[in-house]
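Trainee: The structure is given below, and queries will be raised subsequently.
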Amino acid sequence: MENLLNIGIRSIFVDNMIFAYFLGMCSYLAVSKKISTAVGLGMAVTFVLFMTVPLNWLAYNYIIKEGALTWLNGLGVPKEFADFSKVDLEVLKFIIFIAVVAAFVQLTEMAVEKFSPALYTALGIFLPLIAVNCSILGAALFLPGKEFNFAESAVYGLGSGIGWFLAVVALAAIREKLSYSDVPKPLRGLGITFITVGLMAFAFLSFIGVKLPFGN
Amino acid sequence: MSLNKNTNGYIFGFALLVILVCGVLLAAVSGALSEKQQMERELERKKFILQSSLGDEISGMTKQDIAALYEKRVEEMVLDSNGKAIDGVSVNQVVLGKEYKKLEKNGTIKKGENIQLPIYLVKAENSEDVQYYVMPMFGFGLWDNIWGYAALKSDLNTLQGVVLDHKGETPGLGARITEQKVQSRYQGKTVADESGAIVSVKMEKGEGNDYSNKPHSVDGMSGATLTAVGVNNMMENYLRLYGPYIESAKQNK
Amino acid sequence: MSTEAVVNEEVAAKPASEPLFSKKNRKLISNPLDGDNPITVQILGICSALAVTVKLVPTIMMCVSVLFVLIFSNLSISMLRKVIPSRIRIIVQLLIVASLVAIVDQVLQAYAYDVSKQLSVFVGLIITNCIIMGRLEAFALANKPWPSVLDAVGNGLGYSVILISVAFFRELLGSGSLFGFKVLGENYTGNGVMMSPVGACIVLGLLIWAQRARNGYREEA
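Here is the structure:
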């Protein structure tokens, strides 16, 4: 339990998808002009991360990893016929991860279209682009190195999503205010946004080395 | 195109074809390259081992030279927790990360686990005498795993050099453990006190201090105290694990 | 993501005798280098890019990898554009891109092991690099193979120009070196901010400022 809380806090603040890894920057910059759209996309990303990270955890631990398919031998496939403990599908991990993500996003898109047309029109073309939001594939690709268990991976997904949500809403709020400022013309738009993101990342750097509150 | 592209049959057929082509292509590429990848991974290990012990001697050497030098000078062994060589186990079969999991938080071996410790003996040029003893280490830094090699001179006490590497320490702070400037601080330090008991070498807090009179301390990295703690724990744990071997090797001298 | 900005550059059906490097085709390469740069104007491909620009060597490897994936995915999608069922278009594109990236990853692991270790997950993230999907959707699906390849080369180079400039400043100020050679002397103390993500954002922001001050591009904000 304490471990889960630690993973959650770390993935929200310290390993923030945006400020520590720049993942999901494209849509981050594109939708952060208004708070309302930012909230919408932030929630969509959080939801997709929360669902796909555990799904990809299952895919990695029961399909891709070396020896992960051993359960097929347990199901009655004789060892003489195919010894699955030596099968290593690491080379296919990109394809499998992205397929899981794309399929899941497709389903989400259909559901949103059906149940919340308002949200659907607000997010417009960005919904399908969640599939190519780097933070979602990124979180999956970080999994093999982290050696989580299933519950931990779910918390990690949720935390990363919340971190992304916070980052996008905060930037949108700043940009709404910024439109009243007298920024030099060539710096307006993307330039000043990058510098703002840099300064925000600076603030988030201070979380590095924070002693996590729940034991070790 | 007379085919109707929107029938389910066409879509399935098309998807299947694309998957098949991609799959075959990938399988071919990975099959053709897997041997080379394995070689590269081994070469990195060999390079680290030689770098920790021979230092500058290998700088500027080609990959082939390093492999040849390793072949000529290094003897590999796998030890058990009592410091005895295990027969029939090659160092290639030992995965340090897996062995590390057999340790408790305080560095002792978990109950019921048999740890396997690889050790590399670097022979003196044109002789069978062991010049350096290189021990792999593995641990956890601030964010993620860290690992490295410590090379002891033939007195089994003085550090000839260390090599450290990491997976995800903070760039510019903890990640500096990979810099030669930081690693060279370990050279000439001793791991045992006067009675011969292992005390390890500690990286101290703060940077820019002179520790030349303190054989068990090295200058720290400012802003990376927690990574240094990880390095210290790793080094102490592993020197203790290799302790029985170090003892018996000293007596055999 | 300004996908609409690129629609007007679609090459209409042209006479078969058009030379390989006609004026229009040359524009496909030169436009993305400055006025229609994928990073600073189209806002594509920022995701995985900034994280690898700490040093020049991995940055250049990253650029080469992206260029490779971009060219071959644009080419193959352009060749398949008449036979891809539109309903599974995105999945097919992702599959092809993912396979190409997996190949790049395998090759890097075999022939540039050090660099592949430094790039770690960011090689995999080329799949979701918006430049690739963006160009596939906006260009390759509607154009013939040859212009698609040129478009890929142009955008890949435009991406590389920005990445390499960012890496140049970050390595120079962050480690005092270029390509690993200490150019600012042994005693230069690296600037930690430049090594961290913060430095990348600020350098890129300033680069965009400089570029726009020069070419006069303005954004409604």
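Chains as they are written, first to last, in numbering that gives the first Met the number 0: chain A, 0 to 215; chain B, 0 to 252; chain C, 0 to 220.
No residue lacks a Cβ here, since even glycine has one placed at the ideal position from N, Cα and C.
Going by DSSP, what residue range makes up the beta strand (DSSP E) through Gln159 (chain B)?
Mentor: If you number the second sequence from 1, residue 159 (chain B) lands on position 160. Run containing Gln159 (chain B): 158-165, per the beta strand (DSSP E) assignment.
Trainee: Is Ala110 (chain A) near Ala130 (chain A), with beta carbons less than 7 Å apart?
Mentor: Residue mapping note: residue 110 (chain A) aligns to position 111 of the first sequence, counting from 1. Residue mapping note: residue 130 (chain A) aligns to position 131 of the first sequence, counting from 1. No. Outside cutoff.
Trainee: What residues match up with Asn144 (chain B) in a beta bridge as DSSP calls it?
Mentor: In the second sequence, residue 144 (chain B) corresponds to position 145, counting from 1. Its beta-bridge partners are B:Phe139.
Trainee: Whole angstroms is fine: what's the gap from Leu93 (chain C)'s alpha carbon to Leu186 (chain A)'s?
Mentor: Indexing the third sequence from 1 puts residue 93 (chain C) at position 94. Indexing the first sequence from 1 puts residue 186 (chain A) at position 187. Approximately 35 Å between the Cα atoms of the pair.
Trainee: I'd like the span of the alpha helix (DSSP H) that includes Glu98 (chain B), first residue to last.
Mentor: Walking along the second sequence from the start, residue 98 (chain B) turns up at place 99. Start and end: 95-99.
Trainee: Could you check the C-alpha separation between Arg88 (chain C) and Val94 (chain B) for me, to the nearest Å?
Mentor: For the purposes of this step, residue 88 (chain C) is taken as the residue at position 89 of the third sequence. For the purposes of this step, residue 94 (chain B) is taken as the residue at position 95 of the second sequence. Looking at the two C-alpha atoms, the distance is approximately 42 Å.
Trainee: Give me the DSSP bridge partner(s) of Lys26 (chain C).
Mentor: By one-based count along the third sequence, residue 26 (chain C) stands at place 27. Lys26 (chain C) pairs with nothing; no bridge assigned.
Trainee: Would Ala172 (chain A) and Ile62 (chain A) qualify as a contact pair, given that the criterion is a beta-carbon distance under 7 Å?
Mentor: Numbered from its first residue, the first sequence carries residue 172 (chain A) at position 173. Numbered from its first residue, the first sequence carries residue 62 (chain A) at position 63. Not a contact, by the Cβ cut-off of 7 Å.
Trainee: Tell me which residues share the same chain as Ile8 (chain A) and place their Cβ nearer than 7 Å to its Cβ, disregarding the 5 neighbours each side in the sequence.
Mentor: Here residue 8 (chain A) refers to the residue found at position 9 when the first sequence is read from its first residue. If we look at Ile8 (chain A) and ignore the five residues flanking it on each side, its Cβ neighbours are Leu211.
Trainee: What are the residues of the segment 27-50 of chain B that lie near chain A, defined by any Cβ-Cβ distance shorter than 7 Å?
Mentor: Listed in sequence order: Ser29.
Trainee: Under 7 Å Cβ-Cβ, which residues of chain A neighbour Thr107 (chain B)?
Mentor: On the second sequence, residue 107 (chain B) is found 108 positions in, with the first residue counted as 1. By Cβ distance, chain A contributes nothing, its closest Cβ being about 17 Å from Thr107 (chain B), past 7 Å.
Trainee: Once DSSP output is grouped into helix, strand and coil, what is the label at Phe193 (chain A)?
Mentor: Stepping through the first sequence from its first residue, residue 193 (chain A) is reached at position 194. The answer is helix: DSSP assigns Phe193 (chain A) an H, G or I state.
Trainee: Kindly provide the ranges of any beta strand (DSSP E) runs that are 3 or more residues long and lie completely inside the segment 10-49 of chain A, ordered along the chain.
Mentor: Counting only runs of 3 or more, we get nothing.
Trainee: So does the segment 200-210 of chain C actually touch the segment 186-197 of chain A, counting three or more Cβ pairs closer than 8 Å?
Mentor: Result yes; three or more Cβ-Cβ pairs closer than 8 Å.
Trainee: Would you grab the beta carbon distance between Tyr119 (chain B) and Leu151 (chain B) for me? Rounded to a whole angstrom, and I think it's under 8 Å.
Mentor: Indexing the second sequence from 1 puts residue 119 (chain B) at position 120. Indexing the second sequence from 1 puts residue 151 (chain B) at position 152. Actually they do not touch by this definition, with Cβ atoms about 11 Å apart.
Trainee: Taking the straight line between their C-alpha atoms, what separation do you get for Val200 (chain B) and Tyr69 (chain B)?
Mentor: Numbered from 1 along the second sequence, position 201 holds the residue referred to as residue 200 (chain B). Numbered from 1 along the second sequence, position 70 holds the residue referred to as residue 69 (chain B). C-alpha separation (whole angstroms): 27 Å.
Trainee: If distances are taken between C-alpha atoms only, which option among B:Leu155, B:Lys83, B:Thr226, B:Gln92 comes closest to His341 (chain B)?
Mentor: This structure cannot speak to residue 341 (chain B), because chain B is shown only from 0 to 252.
Trainee: Tell me Val108 (chain B)'s beta-bridge partners as DSSP assigns them.
Mentor: Position 109 of the second sequence, counted from the start, is the residue given in the question as residue 108 (chain B). First, the amino acid is wrong: residue 108 (chain B) is Ile here, not Val. Answer is B:Leu102, bridged to Ile108 (chain B).
Trainee: Where does Pro37 (chain C) fall in DSSP's three states?
Mentor: Within the third sequence, the letter at position 38 stands for residue 37 (chain C). Of the three classes helix, strand and coil, the one that applies to Pro37 (chain C) here is coil, per DSSP.
Trainee: By the 8 Å beta-carbon criterion, what residues does the segment 99-112 of chain C contribute toward chain B?
Mentor: Listed in sequence order: Ala101, Ile102, Gln105, Val106, Gln108, Ala109, Tyr110, Tyr112.
Trainee: Quick one: Cα of Leu142 (chain A) to Cα of Ser152 (chain A), how far?
Mentor: Counting from one through the first sequence, the residue named residue 142 (chain A) turns up at place 143. Counting from one through the first sequence, the residue named residue 152 (chain A) turns up at place 153. When rounded, the distance between both Cα atoms is 8 Å.
Trainee: In the DSSP assignment, find the unbroken beta strand (DSSP E) run with Leu120 (chain B) in it and report its ends.
Mentor: Here residue 120 (chain B) refers to the residue found at position 121 of the second sequence. 116-122 is the span of the beta strand (DSSP E), which, as asked, contains Leu120 (chain B).
Trainee: Please state whether the Cβ-Cβ distance between Leu99 (chain C) and Phe71 (chain C) is less than 7 Å.
Mentor: By 1-based counting over the third sequence, the position of residue 99 (chain C) is 100. By 1-based counting over the third sequence, the position of residue 71 (chain C) is 72. Contact flag set, yes.
Trainee: Can you tell me which of the three DSSP states Leu151 (chain B) falls into?
Mentor: On the second sequence, residue 151 (chain B) is found 152 positions in, with the first residue counted as 1. It is a strand residue.
Trainee: Pairing CB atoms from the segment 32-46 of chain B with CB atoms from the segment 104-118 of chain C, are three or more of them under 8 Å?
Mentor: Judged by Cβ distances under 8 Å, the segment 32-46 of chain B makes contact with the segment 104-118 of chain C, as three or more pairs qualify.
Trainee: Decide if Ala15 (chain C) is buried, meaning its Cβ has at least 16 other Cβ atoms within 10 Å, or exposed.
Mentor: By one-based count along the third sequence, residue 15 (chain C) stands at place 16. For Ala15 (chain C), the pLDDT reaches just 46, beneath the cut-off of 50, and the residue's location in the model is therefore unreliable, leaving the point undetermined.
Trainee: Would you decide whether Gly216 (chain A) is buried or exposed? Buried here means 16 or more other CB atoms lie within 10 Å of its CB.
Mentor: The shown model of chain A, from 0 to 215, leaves out residue 216 (chain A), and the question about it has no answer.
Trainee: Would you grab the beta carbon distance between Ile207 (chain A) and Thr169 (chain B) for me? Rounded to a whole angstrom, and I think it's under 8 Å.
Mentor: Locating residue 207 (chain A) in the first sequence gives position 208, counting from the first residue. Locating residue 169 (chain B) in the second sequence gives position 170, counting from the first residue. Confirmed, about 6 Å.
Trainee: Closer than 7 Å by C-beta to Gly147 (chain B): which residues in its own chain qualify, once you throw out the five before and the five after it? Chain order, please.
Mentor: Here residue 147 (chain B) is taken as the residue at index 148 of the second sequence, counted from 1. Cβ neighbours of Gly147 (chain B) beyond the five flanking positions: Met136, Val161, Val162, Leu163, Asp164.
Trainee: Whole angstroms is fine: what's the gap from Asn7 (chain B)'s alpha carbon to Leu16 (chain B)'s?
Mentor: Along the second sequence, one-based indexing puts residue 7 (chain B) at 8. Along the second sequence, one-based indexing puts residue 16 (chain B) at 17. The alpha-carbon atoms of Asn7 (chain B) and Leu16 (chain B) are separated by roughly 14 Å.
Trainee: For chain B, is any of its Cβ atoms less than 7 Å away from the one on Val196 (chain A)?
Mentor: As a position in the first sequence, residue 196 (chain A) is number 197, starting the count at 1. Not closer than 7 Å to any Cβ of chain B, the Cβ of Val196 (chain A) fails to qualify, so no.
Trainee: List the residues of chain C whose Cβ lies closer than 7 Å to the Cβ of Lys184 (chain A), in chain order.
Mentor: Start at 1 with the first residue of the first sequence, and residue 184 (chain A) comes out as number 185. Per Cβ cutoff of 7 Å: Arg217.
Trainee: Could you please tell me which residues of the segment 86-113 of chain A, in chain order, have their CB closer than 9 Å to any CB of chain B?
Mentor: Hits within the stretch, in order: Glu89, Val90, Leu91, Ile94.
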